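The structure appears right after this line, and notes come after that.
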Amino acid sequence: MIGEFMHGRLFVGLIACCFWFDGTARSAEPVVFACNEFPPFKMENSDTGLKGFDVDFLEEIFRRADIALKIVYLPWKRALREAQRGEVNGVCSCSRTAERDSYLTYSAPLGRASSGLFSLAENKFPPLKKLEEIESKSVSVILGYNLIENLAAAGIQNIVQVASEIQGAKVLINGRTDYFYGYKEPVLFNLKQLGTSEGIAYNEIAYSEYYACFSKNAKGMDLLVERFNRGLKTIQADGTYDQILSKYR
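What follows is the structure, given as structure tokens:
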């Protein structure tokens with residue numbers, strides 16, 4: 111899939127120098143961003159036809175800048191590896207880490223990733239500030255997410271591991287656990303798909319900002335990031351950003 115329009119770092123560099131400096135003409139070749147599947151942030155083939163709000167943000171920003179954009183879906187580690195090599199211009203969104211700082215340049219914050227505890231509103235659990243306050247109550251969490259490590263560090267023992275957001279939501283709704291510990295947007299999106307978002311309370315425990323992430327090894331990135339940030343600021347100011355988010359809530 112990706113080989114049809116990419117030929118490594120030289121190709122990406124040529125794209126950069128050919129058109130990013132002139133915003134008056136649309137490029138013949140696209141900027142290439144790699145996404146990993148993570149509803150509702152990024153979705154390749156959703157039943158609803160929605161692409162994910164991170165993809166919508168990128169498409170709107172680049173459209174207004176008159177820059178062609180090509181989205182490719184790759185496994186997460188491969189997406190990062192190709193960005194590190196300059197084989198793609200960037201990854202659609204990522205969090206910042208010291209290791210990634212060596213090969214990625216970050217946009218202004220693209221969004222906010224919130225994690226916390228879902229519960230049935232009828233239970234009227236008091237607000238919690240930290241995971242330790244769960245104490246002996248039961249909590250479900252998705253196997254493979256780093257959230258399970260947070261529960262272990264907090265000394266929580268009554269843990270039920272589930273395979274997905276949908277399974278975690280069903281376990282909670284059926285009363286098998288007191289809490290479901292997960293990322294806010296994916297869980298809310300799946301609750302909406304199940305038609306069961308009413309009657310669910312959310313208690314945020316932590317959050318972090320995330321970014322559109324540009325490869326330092328693809329030429330022209332500084333100017334591209336500058337133009338991207340201007341576009342992001344514009345869609346936030348004119349209400350487009352919130353309109354996009356509203357489609358997923």
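What the sequence shown shows, in the numbering used here, is residues 111 to 359, in sequence order. Every residue gets a Cβ at the ideal spot worked out from N, C-alpha and C, and that includes glycine. Owing to the predicted nature of the structure, the values given are computational and were not obtained by experimental measurement.
Look at the alpha carbon of residue i and the alpha carbon of residue j, and state the distance between them as a whole number of angstroms.
i	j	result
E319	Y216	11 Å
A178	P140	4 Å
M111	I310	Its pLDDT being 37, under 50, M111 is placed unreliably by the model, and the measurement read from it follows with that caveat. Taking the straight line joining both Cα atoms gives about 40 Å.
V122	I181	Because V122 sits at a pLDDT of 44, beneath the cut-off of 50, its placement in the model cannot be relied upon, and the point is left open.
G118	L253	With a pLDDT of 42 at G118, under the threshold of 50, the modelled position of this residue cannot be trusted, and the question is left open.
V251	A316	15 Å
S248	F299	23 Å
K343	Y321	13 Å
E325	A193	According to the sequence shown, residue 325 is Ser rather than Glu. When rounded, the distance between both Cα atoms is 5 Å.
R210	P219	16 Å
R340	Q271	42 Å
P378	K161	Residue 378 cannot be examined here, being either before or after the span of the chain that is shown, 111 to 359.
F290	F148	18 Å
L214	V335	11 Å
T207	R286	36 Å
S274	F228	14 Å
N146	A189	7 Å
L257	Q346	30 Å
C323	I269	34 Å
Mind checking who residue i pairs with in its DSSP beta bridge?
i	result
Y293	S225
P219	Y321
E314	G226
C363	The structure shown does not extend to residue 363, since the chain spans only 111 to 359, so no value can be given for it.
Q271	V251
Y183	C145
Within the same chain, show all residues whose beta-carbon is closer than 8 Å to that of residue i, passing over the 5 residues directly before and after it, in chain order.
i	result
D132	In this predicted model, D132 has a pLDDT of only 44, less than 50, meaning its place in the structure is not dependable; the value taken from the coordinates is given anyway. Within the same chain, D132 has no close Cβ partners at all.
Near residue i, what residues of its chain come up, given a Cβ to Cβ distance below 6 Å and the 5 sequence neighbours on each side ignored?
i	result
I354	F163 and D166
A172	In the sequence as presented, Ala is not what sits at residue 172; that position holds Phe. Closer than 6 Å at the Cβ level, and outside the excluded window around F172, lie L179.
D288	K247 and S248
F115	Note that F115 scores a pLDDT of 32, beneath 50, so its modelled location is shaky; the value from the coordinates is reported in the next line. Around F115: no qualifying Cβ.
A264	L241 and E242
Less than 7 Å between C-beta atoms, sequence neighbours within five positions excluded: which residues of the same chain meet that for residue i?
i	result
F143	L168, L179, I181, V198, N199, G200, V201 and C202
L301	A279, S307 and I310
K357	L160
F338	I171, S217 and A322
Using a Cβ cut-off of 7 Å (strictly closer), state whether residue i contacts chain D.
i	result
K180	Of the protein chains in this structure there is only one, and it is not chain D.
Cβ contact (3+ pairs, closer than 8 Å) linking the stretch 173-192 and the stretch 273-287:
no
Three or more C-beta pairs closer than 8 Å, one from the stretch 222-230 and one from the stretch 327-345: is that the case here?
no
Below 8 Å, can you find three or more Cβ-Cβ pairs linking the stretch 226-236 to the stretch 192-203?
no
Any beta strand (DSSP E) of 3 or more consecutive residues that is wholly inside the stretch 136-168
141-145
Just to confirm the assignment: which complete alpha helix (DSSP H) runs, minimum length 4, are found wholly within the stretch 322-351?
The qualifying runs are 331-347.
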